[in-house]
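Numbering of the sequence shown is given in full-length UniProt numbering, commencing with residue 1 and proceeding in unit increments.
Yeah, the Cβ is synthetic: ideal placement off N, Cα and C, and Gly gets one too.
Below is one structure; the comments refer to it alone.
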Amino acid sequence: MIPRFGRHGPRSKVGCTTCRTRKIKCDERRPLCTRCERAGIKCEWDKPAKPRRRRLLRPAPPEEASLSSSSASTSASDTAAIAASASATDDASLSLPPLAVRSEPEPPSRPGPGPGMDMLMFEPWRDQDQDQDQATATDTAMDTPFPFPDLNPTCTPSARQQQLGLSMLYNASSNLHLLRPALSTTHIPLSNSLMLGAQDRECFQYIPNSFMVQAIGKPWAWSMLSYIHSRIASHEKGVMRAFIALASMELRCRYISATDQGQGRDPDQVQAAARQKKSLATGHYRLALGDLSRLLDRASQPDRTDQDLDALFAMWFLILWFGTYDPELVQASHVHLRGIRSFVSQNLRTTGGGGKPGLPPASQQLLYFISLVDTSLALGNLRGGELTQDLLSLRADSHLHQDRLFQEARTCLPRIWGANYPPEQLLDDLENYRPLSLLQACEKLKIELWSLGITSTNAAVDQRDLDLLWQKIETAGQVFADVITMARIATHSGGRRVMWTVYHSALEYYAVRVLFSCLSSSKKPEHGNSHEPEFPSWLDTTLTDLLGIAYKSLGENPLMVYRFAWPLTVAMLRTRDPIHKDWISSQVRRAHALVGSLGIPTHLLQDMSTSPGALLLDSPPHEQEALDVSLTLSNSNSHSHGI
């Protein structure tokens, strides 16, 4: 017979009362047995052992009993269907490398002071160490449909149990209808505004690695997009739907691009995944439009809150960015921009109480981002641009002037993140201020070029207007000569964000100069060959510097081609050397997979098909007016000598 030890060993009937109550072996050493001594508890001998009470299960209330029975009645066929659906989803999904690798630390989950924080707090802050073990165990055990269960660390244990119960009920049916209308969660403390399926979670979690983050430039952890992703989308279902739709469309574009580049993927599988992402994106986009309408009504009321405005401008920005992936949505984007113009003019021209701006800090930066999208759309189809012109036409001291919005955008992040904003991030903002200011100057020059281009469709461009615009371009080059020189002489970024901002701003400036040369060549010379476009003497140097920066920066990080798409596209209009032109064409073709709007009318690029390195885009011009507007760029078709 094998002897038993420990809790399975023989029990003492004459041991201390403490061990007999605990039902463990006692060595009967008096006055303090070994077990009680090691445990540091009182060792009693003269009292009878107290019997332990058995915990009795109380009958569940009628409501809970009904809920439990309905949950338990899920049939085996439903379970099999759910498993089959999940398996099909996993098989259809394709893994793609992220656009960028993020190594910076994430912001703390505990929100700092800023707009919208009260909507995430369910009780005052307390010491989290008390519930750390239980919270960890609960989060590990939960197969929750919420991708970020720790966005709200103030959630109490009882609330976590409520989340656990809801997730168990949800997992039984979440994969059956991925695009069903969202369940409202405003009555319970959840960390998300939607009940997300597997594909929804994949798309929502993809956002930190998306092209949109790279295009804006600020590292994800403490960016405006991260703030929207974690603080606004958690209680505004329309914002979360817009994120999911945007990520779905970008993943679709990346799947198709990977196939076109021959990366060894099964074309049928890629096409199936692309169709699945397009369907998911379309469904969430349509639902987001309904949410936008309701949010606009709420934000138009006199008692609106800063959170309402932040959510509204976040939705507008995300929906406009979504439109850049789908050429069929260009017209819809202009409708949204007209709506933004109307809202701004009717609701935000006056300041708030006490002379405060009518927009909170986050909304100011988002409105500035929206104006940049407006400029890009205007250059791409020669329509739009009215919103940016409205902002630039305001008084210089207006809180809505684009220059003022730019300045507010530079100080926005420390205000919305509060005391948690790290000093190194503030230093990063400071050292990027100069190149970002050059980018802002280039945006204003683009709008002036666009305005003159529109004017040139009906009459010849006034030489005085051209001279004034050229003077502004030259002045910008002199003011920011340090930034442009650094971009030209630097050999490597050194892994610093500021260098990529320097490269980007310098490329934008050189592209503005190239675009001006296209506009100025519209004035036909009085003598000589009228079909020969004017090629200023300074243009060779400009193109040489532009291509030099593009070659070294893309050689270091090829993914930056998505950020540099517009300068490269403009450079291709005036580059004459076929070797350089072939290289630019390949880069722009690659960028076009994710950058739907290249910032140049499509028919002008199609006109370049006579050269070996021509870029042929499949999508026709989306605006009939673009066919009638030349901006005289079509006269700048390339020649076979020089740069």
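| Asked | Found |
| --- | --- |
| DSSP-derived helix/strand/coil call for residue 211 | helix |
| Spatial neighbours of residue 233 in its chain, beta-carbon cut-off 7 Å, leaving aside the 5 residues before and after | 193, 239, 240, 243 |
| Buried/exposed call for residue 328, threshold 16 Cβ in 10 Å | exposed |
| Straight-line gap, residue 313 to residue 577 (C-alpha atoms, nearest Å) | 44 Å |
| For residue 464, three-class secondary structure by DSSP | helix |
| Meets three-Cβ-pair contact criterion under 8 Å: the region 336-348 and the region 311-325 | yes |
| Three-state secondary structure assigned by DSSP to residue 336 | helix |
| Residue 294 - DSSP class collapsed to helix/strand/coil | helix |
| Distance between beta carbons of residue 344 and residue 445, contact taken as under 8 Å | About 23 Å; that fails the 8 Å criterion. |
| Residue 188 burial status per 10 Å Cβ neighbour count (16 or more: buried) | Here the model assigns residue 188 a pLDDT of 32, short of 50, so the residue's position is not dependable and the matter cannot be decided. |
| Pick from 598, 551, 556, 560 that is closest to residue 582, judged by C-alpha positions | 551 |
| Extent of the continuous alpha helix (DSSP H) run through residue 490 | Taken as a continuous stretch (DSSP letters only), residue 490 belongs to no alpha helix (DSSP H), as it is neither H nor E. |
| Beta-carbon gap between residue 404 and residue 217 smaller than 8 Å | no |
| Cβ pair residue 504, residue 406 closer than 8 Å | no |
| Residue closest to residue 646, alpha-carbon to alpha-carbon, out of 396, 402, 398, 397 | This structure gives no information on residue 646, because the portion of the chain shown stretches from 1 to 643. |
| Counted within 10 angstroms of its Cβ, other Cβ atoms place residue 570 as buried (16 or more) or exposed | buried |
| For residue 325, the first and last residue of its enclosing alpha helix (DSSP H) | Looking at the DSSP string, residue 325 is not in any alpha helix (DSSP H), and its letter there is neither H nor E. |
| Closest Cα partner of residue 593 within the set 331, 435, 250 | 250 |
| Cutoff 6 Å; reference residue 443; Cβ partners in own chain excluding five residues on either side | 375 |
| Nearest residue (CA-CA) to residue 520, options 358, 567, 539 | 539 |
| Where residue 302 falls, given that 16 or more other Cβ within 10 Å makes a residue buried | exposed |
| Between the CA atoms of residue 379 and residue 92 - distance to the nearest angstrom | Its pLDDT being 40, under 50, residue 92 is placed unreliably in this model, and the value from its coordinates should be taken loosely. Near 38 Å, if we compare the C-alpha coordinates of residue 379 and residue 92. |
| Spatially closest choice to residue 360 from 333, 400, 390, 453, by CA coordinates | 400 |
| Expected contact under 8 Å - CB spacing of residue 365 and residue 408 to nearest Å | 7 Å |
| Buried versus exposed call for residue 294 [16 or more other C-beta atoms within 10 Å across all chains shown] | exposed |
| Span of the alpha helix (DSSP H) around residue 398 | Taken as a continuous stretch (DSSP letters only), residue 398 belongs to no alpha helix (DSSP H), as it is neither H nor E. |
| Residue environment, residue 146, which counts as buried when at least 16 other CB atoms sit within 10 Å | The predicted position of residue 146 is uncertain, since its pLDDT is 33 and thus under 50; a value taken from the coordinates is nonetheless stated next. That one is buried. |
| Own chain partners of residue 363 with C-beta closer than 6 Å, once the 5 adjacent residues on each side are dropped | 309, 310, 313 |
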